[in-house]
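For the sequence shown, the positions run 132 to 551 when my numbering is used. For each residue, glycine too, the CB sits at the ideal point set by N, CA and C. Everything numeric in this text was worked out from a predicted model, so none of it was measured. The block underneath contains the structure these notes are about, expressed in structure tokens.
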Amino acid sequence: MTIKKSLSNREHLLESMRTLSAELDYQTVLQSVISVASKLTNSEVASILKYEEADGHLHFLAAPWFQKDSMQSLRVPVDESIAGWVYQHAEPLVIQDVKEDKRFYSEVDQAVKFQTNSILAIPLLVQGRCVGVLEAINKVNRAHYNGEDVIILETLASQAALILENMDLEQRVTQMQAATDRLEQMKKDFIAIASHELRTPLGLIIGHSTFLREVIEEEHHEQLDTIISSGAKLKEIIENLSNVQNFQSGAASIRMKKFSLPNLIKENIDAFQEKAKDKKVSFHTDIKHPDLLLEGDAEKIGIALGNLLKNAVSFTSEGGHVFIIMEQIPGYAKVAIIDDGIGITAKELPHIFERFYQVESHLTRQHGGMGLGLSVAKVMIELHGGKIWAESILGKGSQFAFLLPLDRDQFNAAERVFQH
Ligand code: ADP
């Protein structure tokens with residue numbers, strides 16, 4: 132008779148474990164654990180308590196439905212309760228008559244108008260660490276809890292412990308996410324305020340020094356040129372910052388107009404000719420479709436082109452080469468900027484389009500950027516429904532390429548794909 136009963140109990144237990152592991156909602160699983168626990172140990176009720184670090188008490192996570200509301204707000208002290216003893220010692224405990232045990236914490240009974248007689252309490256262990264307690268209360272007919280009851284509860288406790296651990300992990304991830312979101316917001320606010328506040332005085336510095344240069348003797352031109360060019364550099368940094376910021380806050384817009392991509396490329400190359408000459412870097416252009424007209428915001432595409440050309444020159448050693456190839460592929464114009472410079476490691480490559488990202492090395496530290504050029508270029512190209520990417524071999528060189536949709540229909544379709 133006993134063997135038959137115990138076999139059927141184990142079958143029940145296995146069946147319950149299978150059902151429990153298929154359940155996704157933690158609260159439902161924990162409620163199921165206590166109802167299976169009370170059923171299989173022949174107890175009146177069962178409950179699950181979790182240790183909360185915030186107040187150093189045990190809280191009821193699962194309790195019989197008729198006591199649930201009143202139990203949820205109860206706090207069980209760790210030092211003066213049976214559950215607390217089990218939590219602290221990480222050992223099972225059977226108390227046949229709680230009246231005889233001074234560890235018993237009677238306030239829960241008073242609060243929910245219940246009378247506890249006997250308790251079987253099992254620790255919930257995660258890798259040897261106790262996170263809570265599973266209790267079965269009042270074995271019916273005042274029977275004694277036995278070894279089989281302990282095994283049943285221990286099996287259920289292992290399941291409950293995993294759930295508690297998962298809940299904790301989820302809570303920590305949510306907290307970390309909230310902290311990251313807060314930091315991101317602070318960063319955005321800082322960028323928005325700083326770039327706004329810096330723009331006006333900087334405009335005045337550049338404006339007045341340009342005026343002074345006109346009226347002052349030639350011997351002071353060099354100093355004023357330094358002020359003007361440093362001011363221009365600062366202006367570029369601020370523009371880059373607010374460009375990325377505007378894009379991320381959704382404030383960026385583009386003014387679509389027909390323009391000649393080959394001309395825009397030539398203009399940009401001209402702008403860097405002097406810098407390239409200083410470094411003895413030569414430009415080689417291959418425009419396969421000199422008449423190509425595109426619909427887009429030439430100014431913004433020019434910013435992307437400029438940033439790529441600037442990098443190609445900056446990260447190429449003296450005597451190096453930069454190739455600019457423009458071609459048409461179905462539906463798109465493709466521009467590739469290829470250099471035989473220092474290159475980028477495979478590890479760094481996936482990050483270079485991130486804001487403020489700079490490859491750390493003594494070579495790049497000589498270069499005075501802010502790690503914004505590529506993220507700005509990406510924003511500008513993607514605003515047009517385009518795509519930008521990089522390939523590189525360390526020590527051999529890099530290729531940065533982008534695609535731009537050829538017409539507005541193409542642009543709209545690409546933009547939809549990009550947004551989803
Ligand atoms: P920065 O404005 O500081 O140059 P970017 O966003 O333009 O920042 O570039 C990010 C990093 O990518 C650079 O610091 C550099 O390490 C690397 N990088 C960009 N372009 C090239 C290139 N053509 N060759 C080698 N490294 C490059």
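Asked                                                                                         : Found
Bounding residues of the beta strand (DSSP E) (the contiguous stretch that carries A267)      : R260 to K270
Option nearest Q459 by Cα separation, candidates A214, L425 and L395                          : L425
Local Cβ density within 10 Å of S384, reported as buried at 16 or more and exposed below that : exposed
For F321 and V239, the rounded distance between their alpha carbons                           : 51 Å
N377 beta carbon near ligand 1 (any heavy atom closer than 7 Å)                               : no
Bounding residues of the beta strand (DSSP E) (the contiguous stretch that carries V176)      : S174 to E183
Burial state of D228, where buried means 16 or more other Cβ atoms lie within 10 Å            : exposed
Which listed residue (Q376, D417, I336 and S249) has its alpha carbon closest to that of I400 : D417
I475 CB to nearest heavy atom of ligand 1 below 7 Å                                           : yes
Rounded distance between the beta-carbons of L161 and L144, thought under 8 Å                 : Incorrect: roughly 17 Å between the Cβ atoms, too far for contact.
Distance between L255 and G215 (C-alpha atoms, nearest Å)                                     : 12 Å
Identity of the residues DSSP links to A521 by a beta bridge                                  : F531
Chain D contact for I359 (CB, 8 Å cutoff)                                                     : The chain labelled as chain D is not found in the depicted structure, where only one protein chain is given.
Local conformation of I455 per DSSP, three classes                                            : strand
Candidates G462, P461 and V490: closest to E479 by CA position                                : V490
Burial state of L335, where buried means 16 or more other Cβ atoms lie within 10 Å            : exposed
Contact test: I336 Cβ vs ligand 1 heavy atom, cutoff 7 Å                                      : no
Alpha carbon of S360 to alpha carbon of E184, nearest angstrom                                : 57 Å
Whether L355 touches S326 by CB criterion (8 Å)                                               : no
Helix, strand or coil at I218 according to DSSP, with G and I counted as helix                : With the sequence shown as reference, residue 218 is identified as Tyr, and Ile is not the correct amino acid for it. Correct three-state label for Y218: helix.
Where H415 sits in the DSSP three-state scheme                                                : strand
Strand pairing of A464, partner residues [DSSP]                                               : Q459 and L535
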